[in-house]
Structure formats: structure tokens, C-alpha cells
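Undergrad:
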Amino acid sequence: MNDVSPSLPRSLGESITQEVRRMLVEGELVPGQRLSEAALAESLQISRNTLREAFRVLTREGLLKHEPNRGVSVAVPDMASIIDIYRVRRFIECKAIAQGYPLHPGALHMREAVEAGMRAREAKDWKAVGTANMMFHKAIVELADSPRLVVFYGQISAELRLAFGLLKDPQFLHMPYVDMNVSILRCIEEGQSEEATRLLEAYLVQSERTVLAAYERSLNR
1 MNDVSPSLPR
11 SLGESITQEV
21 RRMLVEGELV
31 PGQRLSEAAL
41 AESLQISRNT
51 LREAFRVLTR
61 EGLLKHEPNR
71 GVSVAVPDMA
81 SIIDIYRVRR
91 FIECKAIAQG
101 YPLHPGALHM
111 REAVEAGMRA
121 REAKDWKAVG
131 TANMMFHKAI
141 VELADSPRLV
151 VFYGQISAEL
161 RLAFGLLKDP
171 QFLHMPYVDM
181 NVSILRCIEE
191 GQSEEATRLL
201 EAYLVQSERT
211 VLAAYERSLN
221 R
């Protein structure tokens, strides 16, 4: 299981919450999907009570939705939440990247994410391209040197991937950003943090418009 803070011990419930959140971030669970408590508990090799604990946390975070007599499903973002996600992203990511420098560990993780995205694009694995893109932006947040921000961004990433799930064509969504990530990374590696910030701001505007357009189309179906 992924763990953003390996030095901090987790309870089983916290670890399972993090694992289900990872499944959301990596697109393994999609908006509107109904979750079978029995099947998911079996696949994670945990008790249903432990899984319910994770479900309660993720429901409070707005990532899951519980309906009486209908069970738990993956949340579907609305327009207000999409706009707010991007507001938060601009606030966090643009300030973080302004602090970036070539040898920062976050910059090295950005490089790893870019290379993973390029390999996935070559293989035409667009879901994997999307996951690499999520890892790229997590690495940007690491430039702020704040473990708390990285943990908080994990929740934002899950909400963001749900918003991405509104687009039925992942190639259309993710392909343009591979080369944009390369350009942003190059600026950081060359010590041009101001230019990296400018590129990232334009990137986030374009991404937000794309996702909001997809949301509007989904309402008209």
C-alpha cells in the first residue's frame, strides 16, 4: 500500500482508508460506481467492520456517498466542487513550484513521473498516463517541504481523479499534458522557477476548462 508518511505508524483502518483513496487516485474506482462491501473486504483481506471505518472517513471527505438501503458508491463531483478543487490546486501547486530547485527530491520525483507518463503514452495506456500525471502533481506539492500539504493533497488528488472520470475519452484528457509536464520539469531543472510557475498556471486553467466542459456535457446526456 502507498504511504505518504512511512515514518508515522498507521492503524489498520487508516491504512485501508489510504488504500481505497489510492484506488480512487489511480482510477481503479470511478464516479458513480457502486461498491460491494463484501467483495472489496475480501479483495483487501480485511473485515467488513474495518472497511466500514474507511468508508465513513472517505464519505466525510466527500469521496464516497452513502445512501440508506442502497449502500456506498463513489461520489460524482459537481461543478462547485470542481471549481473549488482547481482553486485549491492553484493556491498549493503554484506556490510550491515557485520554491522548486533542480536537486530537490520533489524535482527528482517529477522526473520519474514524466518518464512514467512517456512510457505509458508510448504504450497507449491512457489510464496509466493519468496516474503518472497525478504523481507529477503530487511531486510538485513536495517542493513545498510540507508533509501536511502532501497528505492534504492526497485527498484533493482523489477528488480530482473523480472529476477526470467524467471524461469518457482519457486519451483526449491526458495526452496534451505529457508534453506540458516535460516543459514544466525542464524549467525546474534549469532553475527557472518563475517560468515553471507561469506554465503551471496556464496548465491548470486549460485543465479546469476541459473538465468543466466534460461536466456540462454529462448533464446534457
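So the sequence shown is numbered by UniProt numbering: it starts at 1 and just counts up by one.
Every residue gets a Cβ at the ideal spot worked out from N, C-alpha and C, and that includes glycine.
Every value quoted in this text rests on a predicted model; they were computed, and no experiment measured them.
(1) State the Cα-Cα distance for the pair Glu115 and Val129, rounded to the nearest angstrom.
(2) Taking only three categories from DSSP, how would you classify Glu14?
(3) State the DSSP-derived secondary structure class of His104, mapped to helix, strand or coil.
(4) Pull up the CB-CB distance for Asn181 and Gly106, whole angstroms please, since I reckon it's below 8 Å.
(5) Kindly indicate the opening and closing residues of the beta strand (DSSP E) around Val72.
(6) Can you give me the C-alpha to C-alpha distance between Leu58 and Arg48, rounded to a whole angstrom?
(7) Mind listing, in chain order, the continuous alpha helix (DSSP H) runs of no fewer than 4 residues lying wholly within the region 116–176?
(8) Using three-state DSSP, classify Glu19 as helix, strand or coil.
(9) Do you know offhand how far Leu199's Cα is from Glu61's?
(10) Please report the distance separating the alpha-carbon of Asn133 from that of Tyr177.
(11) Just the C-alpha distance for Thr50 and Leu103, rounded to the nearest angstrom, thanks.
(12) Cutting at 8 Å between CB atoms, please list the residues of its own chain near Glu53, excluding the five before and the five after it.
(13) Near Ser183, what residues of its chain come up, given a Cβ to Cβ distance below 8 Å and the 5 sequence neighbours on each side ignored?
(14) By the 10 Å Cβ neighbour count, where 16 or more other Cβ atoms means buried, how is Ser11 classified, buried or exposed?
TA: To lay it out plainly:
(1) Counted from its first residue, the sequence shown places residue 115 at position 115. Counted from its first residue, the sequence shown places residue 129 at position 129. Their Cα atoms are separated by approximately 10 Å.
(2) Here residue 14 is taken as the residue at index 14 of the sequence shown, counted from 1. Three-state DSSP puts Glu14 in a helix.
(3) Counting from 1 along the sequence shown, the entry for residue 104 is found at position 104. Here His104 sits in coil by DSSP.
(4) For the purposes of this step, residue 181 is taken as the residue at position 181 of the sequence shown. For the purposes of this step, residue 106 is taken as the residue at position 106 of the sequence shown. In fact, because the Cβ distance is near 13 Å, the residues do not count as touching under 8 Å.
(5) Here residue 72 corresponds to residue number 72 of the sequence shown, with the count starting at 1. Counting along the chain, the beta strand (DSSP E) containing Val72 begins and ends at 71–74.
(6) Indexing the sequence shown from 1 puts residue 58 at position 58. Indexing the sequence shown from 1 puts residue 48 at position 48. Approximately 15 Å, taken between the alpha carbons.
(7) 126–142, 147–164
(8) The count along the sequence shown starts at 1 and reaches residue 19 at position 19. Of the three classes helix, strand and coil, the one that applies to Glu19 here is helix, per DSSP.
(9) For the purposes of this step, residue 199 is taken as residue 199 along the sequence shown, with counting starting at 1. For the purposes of this step, residue 61 is taken as residue 61 along the sequence shown, with counting starting at 1. When rounded, the distance between both Cα atoms is 30 Å.
(10) In the sequence shown, the residue the question calls residue 133 occupies position 133. In the sequence shown, the residue the question calls residue 177 occupies position 177. Between Asn133 and Tyr177, the C-alpha separation is close to 8 Å.
(11) Numbered from 1 along the sequence shown, position 50 holds the residue referred to as residue 50. Numbered from 1 along the sequence shown, position 103 holds the residue referred to as residue 103. Between Thr50 and Leu103, the C-alpha separation is close to 41 Å.
(12) Taking the sequence shown and counting its residues from 1, one reaches residue 53 at position 53. The answer, listed in chain order, is Gly13, Ile16, Thr17.
(13) Locating residue 183 in the sequence shown gives position 183, counting from the first residue. The answer, listed in chain order, is Leu199.
(14) One-based indexing of the sequence shown puts residue 11 at position 11. Label assigned to Ser11: exposed.
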